[in-house]
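Have a look at the structure below, then the notes.
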Amino acid sequence: MQTSAKSSAHMAAAGDDAGRTAASSAMTAMMAQTRDLDLVIRHVLAGLGHGIHAGRERGAGVEFSEYRAYAPGDEWRRVDWKLLARADRYFVREAERDSHVAVWLCLDATASMAEPSREINGVDKLWFARTMLACVAAIAQRQGDAFGLLICSGGKVEFVPASRGPRQLQRVLAALSRAQAEGGLPPEDVLKSSLHFARAPSMIFAASDFLDWPSPLSAALLRLRNMRHDVRLLTLRTQAEVDASFKSGGGYRDPERADGLHRMSNADRESYKQQSRAHFDGVAASCRQHNIVHYEARIEQPLSGVLRSWLRLAGARAK
9 MQTSAKSSAH MAAAGDDAGR TAASSAMTAM MAQTRDLDLV IRHVLAGLGH GIHAGRERGA
69 GVEFSEYRAY APGDEWRRVD WKLLARADRY FVREAERDSH VAVWLCLDAT ASMAEPSREI
129 NGVDKLWFAR TMLACVAAIA QRQGDAFGLL ICSGGKVEFV PASRGPRQLQ RVLAALSRAQ
189 AEGGLPPEDV LKSSLHFARA PSMIFAASDF LDWPSPLSAA LLRLRNMRHD VRLLTLRTQA
249 EVDASFKSGG GYRDPERADG LHRMSNADRE SYKQQSRAHF DGVAASCRQH NIVHYEARIE
309 QPLSGVLRSW LRLAGARAK
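Our numbering numbers the first residue of the sequence shown as 9 and each following residue consecutively.
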């Protein structure tokens, strides 16, 4: 009876996990269908409770700027309780800060980022990456930090200069929403010339599949780290890429190279998995060597969980 009870308990736990996974996948699929990136951010950040960095400017030099409506994830100590009593609505006090840290978002929007999930309809690497960076932008805005954006796509760099405030957040969200997965990375000299923002201390949040490493993008990120900036990378993969669960005999073409059609047989799977794991182990090792925060995730994972883990990993290094 005892063994049977334990087995039943394990089966129930497995059933609960499967139910939560299915519910999370359904929620992710639903969010992927909306064009309202701000709505997705509110859902992902609800109850997150994490900031980007520990340092906050207080006292002298911090002046009241404006009120805005409370959003999930805002700190309760920033709610104006007197205004709540008068207006019967929650408002948060915004402040102008002389922050010594700028936050820069770097989005890889090359053709390989169009790779879709085989498990969740409507979700691809680009959607997941833009959502993660949009959430970081929203957190930076709430902390009063200046933040800007670089998008690498079609061999070019789109640049949104750093600024503060709600209007800047809308500018960044609009640029992220417009991004299309196309072409390859910009040449190394083009990316190098785009690093003029790096004169001041910065935090760089970069999201990519990093299928090419070394690459012009990796060289730029390593250069930023060598310049003593805080670099934090998010590597995105699909579950099919991780376990090589591609359709047997199907034809696959590298969207960034014109080098023919590739087919995967059952015999090729183990070799693919070994080579893939060796590549991403190399990416992780390079990040450790240069003291770069690196987190690897699958786009089928819950958005809030990935964001929480990425920020927590960065926070642990900062302590």
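We put the CB at the ideal spot given by N, CA and C, even for glycine.
{"Query": "Among Leu181, Asp289, Gln151, nearest to Leu219 - alpha-carbon criterion", "Result": "Asp289"}
{"Query": "Distance, Ala122 Cα to Glu304 Cα", "Result": "18 Å"}
{"Query": "Per-residue DSSP class, three states only, for Cys285", "Result": "The question names Cys, but residue 285 is Arg in the sequence shown. Note: Arg285 maps to helix in three-state DSSP."}
{"Query": "Closest residue to Leu113 among Leu92, Cys143, Leu53, Tyr98 (Cα-Cα distance)", "Result": "Cys143"}
{"Query": "Where Trp318 sits in the DSSP three-state scheme", "Result": "helix"}
{"Query": "Spatially closest choice to Asp153 from Ile159, Asp217, Pro174, by CA coordinates", "Result": "Pro174"}
{"Query": "Contact between the stretch 125-138 and the stretch 162-173 (3+ Cβ pairs under 8 Å)", "Result": "no"}
{"Query": "Completely contained beta strand (DSSP E) runs for the stretch 189-230, where each covers 3 or more residues", "Result": "210-216"}
{"Query": "CB contact flag (Arg76, Val100, <8 Å)", "Result": "yes"}
{"Query": "Met35, DSSP secondary structure in three states", "Result": "helix"}
{"Query": "Burial state of Gly156, where buried means 16 or more other Cβ atoms lie within 10 Å", "Result": "buried"}
{"Query": "Assigned secondary structure, Ala148 (DSSP; H/G/I helix, E/B strand, else coil)", "Result": "helix"}
{"Query": "CB contact flag (Leu229, Leu241, <8 Å)", "Result": "yes"}
{"Query": "CB of Leu315 within 8 Å of CB of Met140, strictly", "Result": "yes"}
{"Query": "C-beta atoms of Leu199 and Ile159 nearer than 8 Å", "Result": "no"}
{"Query": "Selection from Ala183, Arg150, Gln188, Gln151 that minimises the alpha carbon distance to Gly162", "Result": "Gln188"}
{"Query": "Beta-ladder partner(s) of Thr243, from DSSP", "Result": "Ser216, Glu304"}
{"Query": "Option nearest Ile4 by Cα separation, candidates Ala34, Val111, Arg245", "Result": "Nothing about residue 4 can be reported from this structure: the residues present for the chain run from 9 to 327 only."}
{"Query": "Cβ-based burial, Leu92 [other Cβ within 10 Å; buried from 16]", "Result": "exposed"}
{"Query": "CB-CB length for Leu184 against Ala206, believed under 8 Å", "Result": "In fact, because the Cβ distance is near 21 Å, the residues do not count as touching under 8 Å."}
{"Query": "Ile159, DSSP secondary structure in three states", "Result": "strand"}
{"Query": "Beta-carbon spacing of Gln8, Gln151 below 8 Å", "Result": "Lying outside 9 to 327, the shown extent of the chain, residue 8 is not represented and no answer is given."}
{"Query": "Residue range of the beta strand (DSSP E) that includes Leu115", "Result": "110-116"}
{"Query": "Per-residue burial, Asp217 [other beta carbons within 10 Å of its own, 16 or more giving buried]", "Result": "buried"}
{"Query": "Beta-carbon proximity of Leu349 to Ser312, cut-off 8 Å", "Result": "Nothing about residue 349 can be read from this structure; the chain reaches only from 9 to 327."}
{"Query": "Given Arg126 as reference, the closest of His298, Glu249, His302 once Cα atoms are compared", "Result": "Glu249"}
{"Query": "Anticipated Cβ contact below 8 Å, Leu45 with Leu181, distance rounded", "Result": "5 Å"}
{"Query": "Residues that DSSP places opposite Ser294 in a beta bridge", "Result": "None, per the DSSP bridge assignment."}
{"Query": "8 Å Cβ cutoff met for Ser32 and Pro222", "Result": "no"}
{"Query": "Distance between beta carbons of Phe213 and Val131, contact taken as under 8 Å", "Result": "About 20 Å; that fails the 8 Å criterion."}
{"Query": "Close Cβ partners of Lys281 (< 6 Å) along its chain, the five nearest in sequence each way excluded", "Result": "Ala252"}
{"Query": "Collapsed DSSP secondary structure at Lys90 in the structure displayed", "Result": "helix"}
{"Query": "Between the CA atoms of Arg97 and Arg236 - distance to the nearest angstrom", "Result": "43 Å"}
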